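Enquirer: What follows is a structure written as structure tokens; I'll ask about it next.
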Ligand SMILES: [Cu+2]
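In the numbering used here, the protein residues as written are 375 to 833.
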């Protein structure tokens, strides 16, 4: 293998991911593990070429070692227990203790070697989504390499050729392994750290699970009907806030490895899509948005100037994606008087509670739910329940934060007179319905064309 390495970058020789022998295994770098599901501080590069590290929302960056000019990483594919939000844990598959796996950060032109050890009960592989690399390093089981069997370690080696945002995930029993949470982010930083520079650079993946209320393990044969919608395998209110200093240029890179698209919407600011999986968008080709749709298998980098202090929502605009499990397939009961039927059902089920007569709001209700289940819509804000779950978080913009301060600053203190308030006293009259131009009535009949506040208009 060492001879193969030697000519890897000097000839056009065929290269592919390779199995590590037992003797070589002794020289494998350790695989760091992460036990926490909270956002870890950005990893300033301790060696190698300089770059501006990213912040992985509810995640972390994988440390590496330098060996003879190679940046060596070690991914462990393994079963993990991930806290989806306080009060709910899931049995997932992931890498190095968490799902998603750690973010891998490298610099354009680095010589990168990744050891992948399989501790799953079935074969796997790692596909480096979006990269230009030797075909044999692309990680497609059966097509470019054999599957990595349980207990085996494979090596991938390539030189990331272009700066940008990428993902990694298995290309082996994909439906099962992605539904179990096997995925991660890959950032290739530019050679010149001043290029594409922003003040804060956040990354997270969109993922989804189908976990029945009260259970721990995703149903992996689900094709579309998922019930837990997550940022980096966390559901609101388990998703950390995105913290920025007023005046910062903020980038958020979002990859979608669910089975549906997600229109991601930011409150209070316009942004531009500055990057896709295919690279950086030239300045002249960018346009302003407040929502960008991210299709399956896509990545979007958005950038904005954080110049409006406050607590701004960032969420998927599909409203069932800002809900947790339970409550699907419920009929719309708005306006239905359930008093009589409630009385009858209560005789059979003493705790029965009719729901939805005045709308679906349940954020403020304390309902008994099964263990290991998140409320459907929840999260307490400073004014009460936020009534959200799933793919929702808060971008907290504050004046005067330190450059490296990502701590949650608490709720925004609104300047006096800048909150919506309860109307009291004299109000303008409610407008009347507009009068419709009269049509010629049908012969011999009185036709009611419009109803106004003064009664039906008769013609
Ligand atoms: Cu969505």
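Using N, Cα and C, we set each Cβ at its ideal position, and we do this for glycine too. Remember, it's a predicted structure, so these values are computed and weren't measured experimentally.
With contact counted as at least three CB pairs below 8 Å, one residue from each stretch, are the stretch 648–662 and the stretch 603–620 in contact?
Expert: no
Enquirer: For residue 375, does the three-state DSSP call read helix, strand or coil?
Expert: Locating residue 375 in the chain shown gives position 1, where the first residue counts as 1. Note that residue 375 scores 38 on pLDDT, short of 50, meaning its location in the model is unreliable and no value can be drawn from it.
Enquirer: Less than 8 Å between the CB atoms is what I'm expecting for residue 479 and residue 563, so what's the real figure, rounded?
Expert: Working through the chain shown from its first residue, we reach residue 479 at position 105. Working through the chain shown from its first residue, we reach residue 563 at position 189. Right, the Cβ-Cβ distance comes to about 7 Å (below 8 Å), so this counts as a contact.
Enquirer: Helix, strand or coil, according to DSSP, for residue 558 in the structure here?
Expert: For the purposes of this step, residue 558 is taken as the residue at position 184 of the chain shown. Residue 558 falls in the strand class under three-state DSSP.
Enquirer: Tell me the residue span of the beta strand (DSSP E) that contains residue 754.
Expert: Numbered from 1 along the chain shown, position 380 holds the residue referred to as residue 754. Residues 752–755.
Enquirer: Taking the DSSP output, what are the residues bridged to residue 582?
Expert: Numbered from 1 along the chain shown, position 208 holds the residue referred to as residue 582. Beta-bridge pairing links residue 582 to 603.
Enquirer: Assign residue 614 to buried or exposed, taking buried as 16 or more other Cβ atoms, counted over all protein chains shown, within 10 Å of its Cβ.
Expert: Numbered from 1 along the chain shown, position 240 holds the residue referred to as residue 614. Buried is the call here.
Enquirer: What I want to know is whether the C-beta of residue 421 ends up closer than 8 Å to one or more non-hydrogen atoms of ligand 1.
Expert: For this step, residue 421 is matched to residue 47 along the chain shown. No, ligand 1 has no heavy atom inside 8 Å of this Cβ.
Enquirer: Under a Cβ-count criterion, where at least 16 other Cβ atoms within 10 Å of its own Cβ denotes burial, should residue 571 be classed as buried or exposed?
Expert: Within the chain shown, residue 571 is the residue found at index 197, counting from 1. Looking at its Cβ environment, which holds fewer than 16 other Cβ atoms inside 10 Å, residue 571 is exposed.
Enquirer: Going by the DSSP bridge assignment, what does residue 445 pair with across the sheet?
Expert: The count along the chain shown starts at 1 and reaches residue 445 at position 71. DSSP lists 440 and 486 as partners of residue 445.
Enquirer: Can residue 667 and residue 626 be called in contact, C-beta distance under 9 Å?
Expert: For the purposes of this step, residue 667 is identified with residue 293 of the chain shown, where counting begins at 1. For the purposes of this step, residue 626 is identified with residue 252 of the chain shown, where counting begins at 1. Not a contact, by the Cβ cut-off of 9 Å.
Enquirer: Give me the DSSP bridge partner(s) of residue 529.
Expert: Counting from one through the chain shown, the residue named residue 529 turns up at place 155. According to DSSP, which records beta bridges pairwise, residue 529 is partnered with 392 and 489.
Enquirer: Following a CB-centred definition, is residue 765 positioned closer than 8 Å to any heavy atom of ligand 1?
Expert: Locating residue 765 in the chain shown gives position 391, counting from the first residue. Within the cutoff, so yes.
Enquirer: Just checking my contact of residue 474 with residue 434 at CB under 8 Å: how many whole Å lie between their CB atoms?
Expert: By 1-based counting over the chain shown, the position of residue 474 is 100. By 1-based counting over the chain shown, the position of residue 434 is 60. Not really, about 10 Å apart at Cβ, beyond 8 Å.
Enquirer: Can residue 537 and residue 653 be called in contact, C-beta distance under 9 Å?
Expert: One-based indexing of the chain shown puts residue 537 at position 163. One-based indexing of the chain shown puts residue 653 at position 279. Their beta carbons are under 9 Å apart, which means residue 537 touches residue 653 by this criterion.
Enquirer: On the CB-based measure, 16 or more other CB atoms within 10 Å of its CB, does residue 766 come out buried or exposed?
Expert: Taking the first residue of the chain shown as position 1, residue 766 is located at position 392. When all chains shown are included, residue 766 counts as buried.
Enquirer: If we define contact as Cβ-Cβ less than 9 Å, is residue 511 a contact residue for chain B?
Expert: As a matter of chain content, chain B is missing from the structure shown, which is built from one protein chain.
Enquirer: Using a threshold of 8 Å, is the CB atom of residue 692 nearer than that to any non-hydrogen atom of ligand 1?
Expert: In the chain shown, counting from the first residue as 1, residue 692 sits at position 318. Checking every heavy atom of ligand 1 against the Cβ of residue 692, one is found closer than 8 Å.
Enquirer: Kindly identify the DSSP beta-bridge partner or partners of residue 627.
Expert: Here residue 627 is taken as the residue at index 253 of the chain shown, counted from 1. 577 and 675.
Enquirer: Using a threshold of 8 Å, is the CB atom of residue 437 nearer than that to any non-hydrogen atom of ligand 1?
Expert: Residue mapping note: residue 437 aligns to position 63 of the chain shown, counting from 1. Incorrect: residue 437 has no Cβ contact closer than 8 Å to ligand 1.
Enquirer: Could you tell me whether the Cβ atoms of residue 436 and residue 413 are closer together than 9 Å?
Expert: Numbered from its first residue, the chain shown carries residue 436 at position 62. Numbered from its first residue, the chain shown carries residue 413 at position 39. It is not a contact, given that the beta carbons lie outside the stated cut-off.
Enquirer: Using the C-alpha atoms, what's the distance from residue 392 back to residue 553?
Expert: Residue mapping note: residue 553 aligns to position 179 of the chain shown, counting from 1. Residue mapping note: residue 392 aligns to position 18 of the chain shown, counting from 1. The straight-line gap from Cα to Cα measures roughly 26 Å.
Enquirer: Near residue 407, which residues of its chain fall below 7 Å by C-beta distance, leaving aside the five closest residues on each side in sequence?
Expert: Here residue 407 corresponds to residue number 33 of the chain shown, with the count starting at 1. So the list reads 470 and 471, once near-sequence residues are dropped.
Enquirer: Residue 743 to residue 749, Cα distance in whole Å?
Expert: Residue numbering aside, residue 743 sits at position 369 when the chain shown is read from its first letter. Residue numbering aside, residue 749 sits at position 375 when the chain shown is read from its first letter. So the alpha carbons of these two residues sit roughly 7 Å apart.
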